[in-house]
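**Q** The opening position of the sequence shown corresponds to residue -14 in our numbering, with each subsequent residue numbered one higher.
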Amino acid sequence: MDHLLKEINQDFRFTCYNALACSKNDGIMEFVEDSTTIQEVLSSNNKDVTAFLKSQSDDPARQAEIMHNYLISNAGYAVATYFLAVGDRHLENLLVKNNGDLFHLDFGFILGSNPKSKGDFWVPPIRINSHMVRGMGGQHSKEYEVFKQKTIDAFLYLRNYRQLFLNILLMMVNASIPDLPFAQY
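See the structure below:
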């Protein structure tokens, strides 16, 4: 998705990191420097993502850049997690870098699956929470309107590649991934 969007000069500031599968249940992930979980950000900043983001620089221009990075990366990941129906999203699976880039980790539940312990409650298709929205200025802010428009733009562009995404999933049928609904075991 990152590559497809960058082809049309749309950089959603995805954080790409390496991961190595060591077994069916274990793996190693590349360390992403200068990042912390949203859980830690909220607990250390009086439940205020904005305070954390603004504390990364005293320069107003740099602060604006950090806030923009946060907004754009939120939009990109909202679309990516929607397309892949990523489950098990909680504040320890969401991280933010000091430059404002938000990113996700732990993609153990995809295509609509969630951990059994979470129950069968309704899960929203777009994975964004109130803390993240407040970090953009709130639901009635100009920044939130930009977030919504960027999300729509990315979705409308990427849906043109639905056949590509389906073909990639079809190639994985024999990989014994239980979340592939059409997998033949």
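Glycine included, each C-beta is placed from N, C-alpha and C at the ideal position. Remember, it's a predicted structure, so these values are computed and weren't measured experimentally.
State buried or exposed for Ile(-7), treating a residue as buried only when at least 16 other CB atoms are found within 10 Å of its CB.
**A** For the purposes of this step, residue -7 is taken as the residue at position 8 of the sequence shown. Looking at its Cβ environment, which holds fewer than 16 other Cβ atoms inside 10 Å, Ile(-7) is exposed.
**Q** When the Cα of Ser115 is compared with those of His(-12), Lys32 and Ser8, which residue comes out closest?
**A** For this step, residue 115 is matched to residue 130 along the sequence shown. Answer by Cα proximity: Lys32.
**Q** Among the residues of its own chain, which have a CB less than 7 Å from the CB of Phe92, if the five just before and after it don't count?
**A** For this step, residue 92 is matched to residue 107 along the sequence shown. Once the five neighbours on either side are set aside, the close Cβ partners of Phe92 are Val71.
**Q** So that I know if they touch, is there some Cβ in chain B lying closer than 8 Å to that of Tyr67?
**A** Among the chains of the structure shown, chain B does not appear; only one protein chain is present.
**Q** Going by DSSP, name the residue or residues bridged to Ser20.
**A** If you number the sequence shown from 1, residue 20 lands on position 35. DSSP, once it has assigned bridges, lists Lys82 as partnering Ser20.
**Q** Out of curiosity, what's the CA-to-CA distance linking Gln(-5) and Ile51?
**A** In the sequence shown, the residue the question calls residue -5 occupies position 10. In the sequence shown, the residue the question calls residue 51 occupies position 66. Using only the alpha carbons, I get a separation of about 17 Å.
**Q** Given a threshold of 16 other Cβ atoms within 10 Å of its Cβ, counted over all protein chains shown, does Asn78 qualify as buried or as exposed?
**A** Walking along the sequence shown from the start, residue 78 turns up at place 93. Asn78 comes out buried.
**Q** For Gln169, is the classification buried or exposed, using 16 other Cβ atoms within 10 angstroms of its Cβ as the cut-off for buried?
**A** Within the sequence shown, residue 169 is the residue found at index 184, counting from 1. Its pLDDT being 49, under 50, Gln169 is placed unreliably by the model, and nothing is read from it.
**Q** What residue does the beta strand (DSSP E) around Phe(-1) start on, and which one ends it?
**A** As a working note, residue -1 is residue 14 in the sequence shown. Segment: none, Phe(-1) is in no beta strand (DSSP E) and carries neither H nor E.
**Q** Beta carbon of Phe88, beta carbon of Leu76: below 8 Å?
**A** Looking up residue 88 in the sequence shown gives position 103. Looking up residue 76 in the sequence shown gives position 91. No. Outside cutoff.
**Q** Assign Ile111 to one of three DSSP states: helix, strand, or coil.
**A** Taking the first residue of the sequence shown as position 1, residue 111 is located at position 126. It is coil, neither helix nor strand.
**Q** Buried or exposed, going by whether 16 or more other CB atoms sit within 10 Å of the CB of Arg144?
**A** Your numbering for residue 144 matches position 159 in the sequence shown. Looking at its Cβ environment, which holds fewer than 16 other Cβ atoms inside 10 Å, Arg144 is exposed.
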